[in-house]
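Numbering (UniProt numbering), first residue to last: 1 to 220. We treat Cβ as the ideally placed atom computed from N, Cα and C, and that holds for glycine. All figures in this text were calculated on a predicted structure; none of them were measured in a lab. Take a look at the structure set out below.
Structure, rendered in structure tokens:
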């Protein structure tokens, strides 16, 4: 039996394994690998859900070999190690199951937004839509990078310090350019953030004082 999945993580044998943790996205809950993988997959799914792209109706993470086989998954599927999720699979089918007139179900603007979200993971979360023709899996997102890269990416999405890199930067009450301005920061000002979110086509950083700053105007 193959003991690792194609990203190098060890398979998890049981849904009650201490290596799994539950993540919640909207009204959906699923289990994924505890630690950095969970941080990344949870973040990606929540940004798709809350970032104005598509609300979550189904999210599936870890699965056992029998379920994986019945779903048409390969024996080294990253679902078996809890390092992949399928988001709204009914709307975004696996191409191999619908070879004729297949569509990803994502609009061009959806795809642009999702790629911006994935870019924020420093390339550690890959999209099944980028698989080769005939095997594109538009619902599928998986952790696929070195342990060091995954750890750094998860930390970057959790908390840290940045410096304002533009001449000035408005601190907003919400992650929106139309939200009321709370503070006006100037170049060189340091900001400690405690949350990262995708809204309105850009990444935003929230401080513990619930002030939001556009990340692209900082050193983030």
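Handout entry: Boundaries of the beta strand (DSSP E) in which residue 161 is found, first to last residue
Key = 160-163
Exercise for the section: Pick out the complete beta strand (DSSP E) segments inside the stretch 36-109, 3 residues or longer, and give them in chain order. Expected result: 84-87
Exercise for the section: Measure the alpha-carbon distance for residue 14 versus residue 30 and round it to whole angstroms. Expected result: 14 Å
Problem - Stretch pair the stretch 174-184 + the stretch 139-155: three plus CB contacts closer than 8 Å - result: no
Problem - Helix, strand or coil at residue 25 [DSSP, three-state] - result: strand
Practice task
Find out if the Cβ-Cβ distance for the pair residue 33, residue 19 is shorter than 8 Å.
Solution key: yes
Problem - Among 186, 98, 109 and 190, nearest to residue 48 - alpha-carbon criterion - result: 109
Exercise for the section: Measure the C-alpha to C-alpha separation of residue 172 and residue 113 and round it to an integer number of angstroms. Expected result: 21 Å
Exercise for the section: With distances taken Cα to Cα, identify the nearest neighbour of residue 79 among 63, 50 and 213. Expected result: 63
Practice task
Please state if the CB of residue 162 and the CB of residue 186 are separated by a distance shorter than 8 Å.
Solution key: no
Handout entry: Span separating the alpha-carbon of residue 5 from that of residue 61
Key = 14 Å
Exercise for the section: Drop a sphere of 10 angstroms on the beta-carbon of residue 67, count the other beta-carbons inside from all chains shown, and report buried for 16 or more, exposed for fewer. Expected result: exposed
Problem - Residue range of the beta strand (DSSP E) that includes residue 125 - result: 125-127
Exercise for the section: Work out the CA separation of residue 137 and residue 91 for me, nearest whole Å. Expected result: 11 Å
Handout entry: Supposed contact pair residue 89 and residue 50 - C-beta distance, whole angstroms, cut 8 Å
Key = Rounded, the Cβ-Cβ distance is 19 Å, inconsistent with contact.
Handout entry: Any beta strand (DSSP E) of 3 or more consecutive residues that is wholly inside the stretch 141-186
Key = 160-163, 168-172 and 181-186
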